[in-house]
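Chemist:
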Amino acid sequence: MVEHLSRERIAGLLDGPDEVGPDREHLEACEACTHEYEQMVRVRMALSAMPELEPPAEEWNRIRERLGLDAAPTVQRYSLPALFTVRPLWAAAVIALFAAGLVVGRQLVSTGTAEPPLNTAVLDSPATDTGGSTDATEAYLRTVAEIERLRSEDASIPGAWSDPSAATERLMKLDALIEASREALRTAPTDPALNDFLFDVVDERASLAGKLNRSLHYTSVEY
Amino acid sequence: MTDARLLAAARAGDARAMESLYREHSGRVYSVVRRLVGDDHLAEDVSQDAWVRAFEKLGSFRGEAAFGTWMHRLAVNTALNRLRRRGRRPEVESAAEPPPAPPEPDDRILNQRVLGQALDRLPDGYRRVLVMHDVEGLTHEEIAEQLGVAVGTSKSQLHKARARMRDLLAPNEGRNEAGYHG
């Protein structure tokens, strides 16, 4: 009677070439034990690829209550309202502030005023006091206008969190927003509001990409 | 906003920063806790406890590791402590719950739900080592340190756990009866 290896002993062989000896010699010669070994490898691969789980919906509220924190407006990284209503309104306000500041800044630069207001600090970039300042301002205004154009298009992508093709389209829009924001930051590298805006867009992109990846991965793993 | 900026704000008591940290890392934390404890209700308690502890001792986080790494370790420790307090559970396979309905034959698709059910049915000791090693990717040295056992014990438990998983997933292919090396 052929004596095969137990599952426990085969399991020990999964840990690599250090685990050598008669068990491995048997494994290489026995079709049944090789089959069992391969099944264990597949289980192990499936375990290592288990998807991230969603925490309970009310978990944050319970944590907040236990910590005695005041109820703050919820940070809804994955929710539709946050994506299509709150953020665009906020972004529009920021962009309007930039644009207004820049218009004032252009006037001040063109009349030779030495102390620009706070919002025109961005114009202290290398182009200041040279003929390039107007070019820098115009380039900045173009990128801000591009951000505004892209942002206004965001609201026309329904179902980005439930439909993979809509999510992919949304990712492309976010990529364009990131690129435009970075372009604007070349002129205004220290502007805190623009930096925060870029961070938020990058965060949203990471969240959406992660969620899309998980939704595509979750269904099953070949075994 | 980056973790560093969120951490600074959270240390100052900013609830929105705390929530942002939570949103960023809650999935990974809940996943490891749920798989370690093998029970939905217990996982909810443990996950909450881990987050409350994390925010209460955020001042002691010195940033030597990434926040996510620190939080993951804290969650694992919280789950392991809860399992120790719960004590030994009976062999779950003998409980009244139905078996995980393993699919056959071998050229099948291993459904994640079936895999998760099999994990839940493992005894605590097997499951924690299997989750830490095969799911979370910890080394035997790290597992031994966290569990306070010898490296050899961690390896031995892992091999038993893998065998038990196969028993649960493919009970009709039993190999531990007479005629097999134990």
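Top line first, the protein sequences correspond to chains A and B. To convert, note that position 12 of the first sequence is 12 in our numbering; the numbers rise steadily by one, no gaps. Position in the second sequence (first residue = 1) + 1000 = our numbering. No residue lacks a Cβ here, since even glycine has one placed at the ideal position from N, Cα and C.
Tell me where the alpha helix (DSSP H) around V1129/B begins and ends.
Modeler: Unbroken alpha helix (DSSP H) run through V1129/B: D1124 to L1130.
Chemist: Taking the alpha carbon of I63/A as the reference point, which residue from W1051/B, L1074/B and E1064/B has its own alpha carbon closest?
Modeler: The residue with the shortest Cα to Cα distance from I63/A is W1051/B.
Chemist: Does the distance from the CB of M1071/B to the CB of V1029/B come in under 8 Å?
Modeler: Contact flag set, yes.
Chemist: Quick one: grab the DSSP three-state call for L1169/B.
Modeler: Note: L1169/B maps to helix in three-state DSSP.
Chemist: Compare the C-beta of M40/A with all C-beta atoms of chain C and state if any pair is closer than 8 Å.
Modeler: Any reference to chain C falls outside this structure, whose protein chains are A and B.
Chemist: Is it buried or exposed for D70/A, if we count other Cβ within 10 angstroms and need 16 for buried?
Modeler: Exposed, by the Cβ-count rule.
Chemist: Return yes when at least one heavy atom of the ligand ADP lies under 7 Å from the C-beta of A209/A, else no.
Modeler: Only the bare structure without any ligand can be found here, which leaves the ligand ADP out of the picture.
Chemist: Going by CA-CA distance only, name the one from G1137/B, L1115/B, A1065/B and R1035/B that's closest to L1168/B.
Modeler: Measuring from the Cα of L1168/B, the nearest candidate turns out to be L1115/B.
Chemist: Count the other C-beta atoms from every protein chain shown that fall within 10 angstroms of the C-beta of S1026/B, then say buried if there are 16 or more, exposed otherwise.
Modeler: Burial call: buried.
Chemist: Just to confirm the assignment: which complete alpha helix (DSSP H) runs, minimum length 4, are found wholly within the stretch 1034–1073 of chain B?
Modeler: Fully enclosed alpha helix (DSSP H) runs of 4 or longer: 1040–1056.
Chemist: Does R1127/B have its Cβ less than 8 Å from a Cβ in chain A?
Modeler: No, no contact with chain A.
Chemist: Under 8 Å between beta-carbons, which chain B residues line up against G12/A? List them in chain order, please.
Modeler: Ordered by position in chain B, the residues that pass the 8 Å Cβ test against G12/A are K1155 and H1159.
Chemist: Within the continuous alpha helix (DSSP H) that includes D70/A, where are the two ends?
Modeler: Element bounds for D70/A: n/a, residue is neither H nor E.
Chemist: Using a Cβ-Cβ cut-off of 8 Å, state whether V43/A counts as contacting chain B.
Modeler: Interface residue, yes.
Chemist: Flag this pair as touching only if the stretch 19–33 of chain A and the stretch 1002–1009 of chain B have three or more C-beta atom pairs under 8 Å; answer yes or no.
Modeler: Output reads no: the stretch 1002–1009 of chain B does not touch the stretch 19–33 of chain A.
Chemist: Rounded to whole angstroms, what is the Cα-Cα separation between G1137/B and R1162/B?
Modeler: Roughly 15 Å separates the two Cα atoms.
Chemist: Since F1055/B contacts M1018/B with CB under 8 Å, what's their CB separation in whole angstroms?
Modeler: The pair is a contact, with the Cβ atoms about 6 Å apart (cut-off 8 Å).
Chemist: Between L47/A and V1135/B, is the Cβ-Cβ spacing less than 8 Å?
Modeler: Cβ distance < 8 Å, so L47/A and V1135/B count as in contact.
Chemist: Under 8 Å between C-beta atoms, does R66/A make it to chain B?
Modeler: Cβ-Cβ to chain B under 8 Å: yes for R66/A.
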